[in-house]
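Visitor: Here you go, one structure.
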Ligand code: FES
């Protein structure tokens with residue numbers, strides 16, 4: 001008996017019950033990679049199952065073993081280990097040329113799930129150092145970088161303590177996510193706890209280091225939002241960092257920027273705030289018209305008003 005399988009973007013092929021998906025696709029003239037000859041060892045024959053995963057036979061012991069090592073998501077199957085048992089299957093070959101092969105096989109792939117991209121609900125965390133420009137203008141380059149390192153180390157400690165992941169840094173700010181390994185409620189909680197810890201740590205750093213040695217203090221602006229985003233890995237040849245994209249990311253960035261106009265160091269969307277089991281006291285609530293966003297966003301203010309009382313030494317030019 002033969003079924004039909006749609007190789008998306010290529011062709012619909014007949015597959016006999018006795019044929020593996022790989023044998024059938026090769027017989028139909030599809031240039032399906034199969035470096036190990038169909039022994040379930042190389043994973044070059046892997047396919048993404050878009051429809052009808054239940055119509056494929058369960059993974060063989062070889063496939064199960066390699067899926068465990070490679071951390072394949074459930075919808076990735078090895079064509080050489082899969083037989084078809086019904087109509088309605090649609091698949092997408094993952095390795096179609098040498099560049100695909102490099103990305104998936106040769107570039108030390110660790111986690112196919114993130115390389116491929118998936119939609120996740122995450123807590124999005126933006127933080128920025130306030131009053132850094134006057135410090136740059138009045139300080140030696142060595143001091144600027146040294147202090148920046150100290151502050152970023154402090155950010156990183158708090159973020160990793162609460163299982164967050166730093167995605168990107170830009171100038172005197174950074175962007176992190178929480179929830180890659182947890183549910184969204186815990187993710188929101190973790191993002192808030194990390195932010196509150198940073199605010200406390202900055203206070204201590206100001207009192208014990210910045211004030212005595214530089215007569216300067218720093219404040220931060222933090223924005224937190226939650227939402228569905230695309231998580232993937234696009235760092236071909238440059239870096240292999242995780243990338244997180246989507247509309248909620250823009251909103252979180254805007255909330256961080258709004259800390260200035262709202263004069264509060266920690267702005268969280270009401271959506272994220274409502275997820276918190278033990279929400280911190282919110283000194284205020286506001287509706288923000290964010291640039292590029294059609295509806296006003298309800299936000300909660302859970303930080304402190306800015307002090308903005310810095311005194312900087314005059315730049316010393318020798
Ligand atoms: S051809 Fe090597 S794992 Fe399928």
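Residue numbers (the UniProt record's numbering): 1 to 318.
All C-beta atoms in this analysis are idealised placements derived from N, C-alpha and C, irrespective of residue type, glycine included.
(1) Cβ atoms of residue 18 and residue 7: under 9 Å apart, would you say?
(2) Compare the beta carbon distance of residue 85 and residue 3 with 9 Å and say whether it is the shorter of the two.
(3) What's the gap between the Cα of residue 163 and the Cα of residue 30?
(4) Is residue 162 near the ligand FES - that is, is its Cβ less than 8 Å away from at least one heavy atom of it?
(5) Between residue 322 and residue 1, what straight-line distance do the alpha-carbon atoms span, to the nearest angstrom?
(6) Does the distance from the CB of residue 63 to the CB of residue 51 come in under 9 Å?
(7) Where residue 9 and residue 96 are concerned, what is the direct C-alpha to C-alpha distance, given to the nearest angstrom?
(8) Distance, Cα to Cα, residue 28 vs residue 98?
(9) To the nearest whole angstrom, what separates the beta carbons of residue 230 and residue 195, a pair I think is in contact under 8 Å?
(10) Within its chain, find whatever has a CB closer than 6 Å to the CB of residue 288; leave out the 5 residues flanking it on each side and keep chain order.
(11) What I want to know is whether the C-beta of residue 66 ends up closer than 8 Å to one or more non-hydrogen atoms of the ligand FES.
(12) Count the other CB atoms within 10 Å of the CB of residue 134; is the residue buried (16 or more) or exposed (fewer)?
(13) Hey, how far is the Cα of residue 139 from the Cα of residue 130?
Guide: So, from the data block:
(1) no
(2) yes
(3) 44 Å
(4) no
(5) With the chain running from 1 to 318 in the structure shown, residue 322 is simply not present.
(6) Cβ distance not < 9 Å, so residue 63 and residue 51 don't count as in contact.
(7) 11 Å
(8) 21 Å
(9) Wrong, their Cβ atoms sit about 24 Å apart, outside the cutoff.
(10) 258, 297 and 299
(11) True, at least one ligand heavy atom lies under 8 Å from that Cβ.
(12) exposed
(13) 16 Å
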